[in-house]
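To start, the structure itself, in structure tokens.
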Amino acid sequence: VLDVGQGSAVLVQTRTRALLIDAGPAWRGGDSGAMTVVPAMQALGLSALDLLVISHSDNDHAGGADSVRQRLHAPNVMAPVHDGVRPHWLCRRAMRWVWDDVEFRILHPRTVVGWSRNDASCVLSVRTASAHVLLPGDIETDAEAVTLARGDELRADLVIVPHHGSRTSSSEAWVATVTPNYAVYTTGFRNRWGFPDSAVARRWAEAGSCGLNTALTGQLTFTARHAGRLTLDSVYKADFKRPAAVRYRDLPGCAGR
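Numbering-wise (this note's numbering), the sequence shown opens with residue 2 and increments by one.
Written out as structure tokens, the structure reads:
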């Protein structure tokens with residue numbers, strides 16, 4: 002989970018493949034694709050993406066996409082609509098593929114008609130034999146209600162909290178269904194919206210989730226090993242001289258993780 006400030010960018014690696022969902026924001030004179038995403042991938046020895054997924058076209062998710070495509074080999078793009086990023090595929094519910102025994106599945110939307118831009122976000126499920134990661138973009142309570150029809154299929158080990166912890170998302174029913182070990186908020190430090198909302202953060206904590214905010218922790222690396230549970234392997238704050246020993250286990254709900 003990359004630290005792109007107020008925005009989102011998550012890199013998923015299997016044994017031989019790499020997928021990026023979202024590329025963070027752009028601003029006057031720069032963007033997180035060039036300044037954060039590409040350097041992070043290069044540090045991992047990656048020069049190509051098998052798939053770039055843009056959950057929706059808001060700047061904080063899509064702003065860095067052009068820089069990623071210009072600097073890396075990223076010929077394949079998926080997005081919910083033809084809006085700015087020129088996708089090769091429109092993400093639609095029931096799309097599914099498998100890389101190296103890891104299943105990727107689009108859970109939402111079936112169509113973008115009738116949905117707001119946030120609620121039409123691609124919702125991506127990534128599942129191994131022993132772990133499940135849920136990447137819901139900026140869906141809000143209306144889209145959450147639709148995905149609840151999937152029942153226990155939503156239960157996850159890790160969720161990127163929808164809409165950065167906004168009070169317009171993370172309904173009680175959705176949180177109670179997903180109940181992840183880790184709930185990650187991708188936010189900017191002291192962002193003007195006050196994300197994550199305190200009531201939302203409390204709701205995830207009461208569901209038993211370890212809440213982690215990239216504004217405070219920086220980059221987070223999780224690993225799902227074969228037949229093992231998902232673990233938080235490293236925390237990296239870019240303005241530190243070395244990886245930071247953030248005491249995330251002292252946070253509410255994080256003991257023993």
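Beta carbons are placed, not taken as given, at the ideal position from N, Cα and C, and that holds for glycine.
Need the endpoints of the beta strand (DSSP E) that residue 97 sits in, please.
Element bounds for residue 97: 97-100.
In whole angstroms, give me the CA-to-CA distance for residue 159 and residue 232.
When rounded, the distance between both Cα atoms is 10 Å.
What span of residues does the alpha helix (DSSP H) with residue 60 cover, start to end?
Per DSSP, residue 60 belongs to the alpha helix (DSSP H) from 60-63.
By the three-class DSSP mapping on this structure, what secondary structure does residue 235 have?
Reduced to three states, the DSSP call for residue 235 is strand.
Any chance the region 45-55 sits against the region 71-78, with 3 or more Cβ pairs inside 8 Å?
With a cut-off of 8 Å, the region 71-78 and the region 45-55 count as touching, because enough Cβ pairs lie within range.
Residue 25: buried (16+ other C-beta within 10 angstroms of its C-beta) or exposed?
Residue 25 should be labelled buried.
Comparing alpha-carbon positions, which option in 209, 56, 48, 91 lies nearest residue 71?
Nearest option by C-alpha distance: 48.
Taking the alpha carbon of residue 104 as the point to measure from, which residue in 208, 58, 125 has its own alpha carbon closest?
Nearest C-alpha to residue 104: 125.
Buried or exposed for residue 43, please, with buried defined as at least 16 other CB atoms from any protein chain shown within 10 angstroms of its CB.
Classification for residue 43: exposed.
Buried or exposed, going by whether 16 or more other CB atoms sit within 10 Å of the CB of residue 2?
So residue 2 ends up on the buried side.
Quick one: residues in its chain with C-beta nearer than 8 Å to the C-beta of residue 242, no 5 flanking neighbours on either side, listed in chain order?
Residue confidence is low: residue 242 scores 43 on pLDDT, short of 50, so the model does not pin down where it sits. No coordinate-derived value is stated.
Could you tell me the alpha carbon to alpha carbon distance between residue 69 and residue 41, rounded to whole angstroms?
Near 11 Å, if we compare the C-alpha coordinates of residue 41 and residue 69.
Going by DSSP, name the residue or residues bridged to residue 184.
Residue 184 pairs with 160, 212.
If you reduce the DSSP assignment to three classes, tell me which class residue 139 lands in.
DSSP places residue 139 in coil when its eight states are reduced to three.
DSSP three-state call for residue 149: helix, strand or coil?
If DSSP states are grouped into helix, strand and coil, residue 149 belongs with the helices.
I'd like the list of long-range same chain contacts for residue 165, defined as Cβ closer than 7 Å, with 5 residues on each side in sequence excluded.
Answer for residue 165: 186, 187, 188, 196, 197, listed in chain order.
Can you tell me which of 90, 178, 91, 169 puts its alpha carbon nearest to the alpha carbon of residue 210?
Considering only alpha carbons, the answer is 178.
Applying the criterion that 16 or more other CB atoms from any shown protein chain within 10 Å of the CB defines a buried residue, is residue 80 buried or exposed?
Per the 10 Å Cβ criterion, buried.
Under 8 Å between the Cβ atoms of residue 62 and residue 9?
Against a cut-off of 8 Å, the Cβ pair of residue 9 and residue 62 comes out as a contact.
Suppose you measure from the CA of residue 110 to the CA of residue 133; what does that come to, to the nearest Å?
Distance between the alpha carbons of residue 110 and residue 133: 19 Å.
Comparing alpha-carbon positions, which option in 162, 168, 174, 139 lies nearest residue 151?
The option with the nearest alpha carbon to residue 151 is 174.
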